[in-house]
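>
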Amino acid sequence: MKVRALTIIMLFVLTFSSCKKEAANYQIIPIPNGDFEQWDNMPNLAIWHTNSCPACVPPYETYIVKKITEAENGQFAAKFVYNNVYSSYANNKFAISLHPTSLIGYIKSNIASGDTAIIHIDLFSGNNIVDNGVFYETSSNANYRKINIPISQSATNVDSALIKIVGGKKQNTELSVDNLVFLKND
13 MKVRALTIIM LFVLTFSSCK KEAANYQIIP IPNGDFEQWD NMPNLAIWHT
63 NSCPACVPPY ETYIVKKITE AENGQFAAKF VYNNVYSSYA NNKFAISLHP
113 TSLIGYIKSN IASGDTAIIH IDLFSGNNIV DNGVFYETSS NANYRKINIP
163 ISQSATNVDS ALIKIVGGKK QNTELSVDNL VFLKND
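Going left to right, the sequence shown walks through residues 13 to 198 as the working numbering numbers them.
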């Protein structure tokens, strides 16, 4: 009986000790302020170009790309809200040397019925758009969830990327975004 138990234990140990965890088969390509941690004292989102104006005082809300502390990772995230006049947006164009295969990040949302928020990626070679990816958010999620946006692979050489995040066009639509990075599969 002891021999049988010892044999079973040995087989169990050998089986699981021979399992090797594979190394990650992708490279992470950082996005400038893709973690949404950098804001000025207004607070405007640093590095990204937005249509948000916290200091403006027209008869409608213009602080529509908001610094929030409810983040998936780190201290801050960005919340895109509709102000009943126009959609919120943020653009970030920057140099890259590798062609990413996808963009990953975390979102949570409250999307009004029939509305859509968008994350769009363009990859450039010179002034030409050579590849892209797009994500449409049409559902609501109270907690952050991971998204993975595939990027087309038509070209081999790219030199820059443009990420555009656009909030919805209906009252009460909100999209919170955090921790964006590009991945390149090996």
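We put the CB at the ideal spot given by N, CA and C, even for glycine.
Whole beta strand (DSSP E) runs in the segment 151-176 with 3 or more residues, listed along the chain?
153-162
> Quick test of the definition: if touching needs 3 or more C-beta pairs under 8 Å, does the segment 172-181 touch the segment 75-92?
Using a Cβ-Cβ distance cut-off of 8 Å, the segment 172-181 and the segment 75-92 are in contact, since at least three pairs of beta carbons, one from each stretch, lie closer than that value.
> What does a CB cutoff of less than 6 Å around valine 146 pick up in its chain, not counting 5 residues either side in sequence?
His132
> Measuring CB atoms only, is the segment 99-119 touching the segment 179-198, in the sense that at least three cross pairs come out at less than 8 Å?
yes
> According to DSSP, is glycine 117 part of a helix, a strand, or is it coil?
DSSP, read as helix, strand or coil, puts glycine 117 in strand.
> What residues are listed by DSSP as bridge partners for phenylalanine 136?
Ile141, Ser172
> Check each candidate in Phe88, Ala36, Ile43 and name the one with the smallest Cα separation from asparagine 104.
Ile43
> By how many angstroms is the C-alpha of threonine 113 removed from the C-alpha of phenylalanine 136?
Taking the Cα positions, phenylalanine 136 is about 14 Å away from threonine 113.
> Beta strand (DSSP E) containing isoleucine 40: first to last residue?
Looking at the DSSP string, the run of the beta strand (DSSP E) that includes isoleucine 40 is 38-42.
> Among the residues of its own chain, which have a CB less than 7 Å from the CB of tyrosine 148, if the five just before and after it don't count?
Thr128, Ile130
> With H, G and I counted as helix, E and B as strand and the rest as coil, what does DSSP make of tryptophan 60?
Coil at tryptophan 60, not helix or strand.
> Span of the beta strand (DSSP E) holding phenylalanine 92?
89-93
> According to the neighbour-count rule (16 or more other Cβ atoms, all chains shown, within 10 Å of its Cβ), is histidine 72 buried or exposed?
Inspection of the sequence shows that residue 72 is occupied by tyrosine rather than by histidine. It counts as exposed.
> On the DSSP letters alone, give me the boundaries of the beta strand (DSSP E) that phenylalanine 48 sits inside.
First-last for phenylalanine 48: undefined, no H or E at that position.
> Give the DSSP-derived three-state secondary structure of glutamate 84 in the structure shown.
Glutamate 84 falls in the coil class under three-state DSSP.
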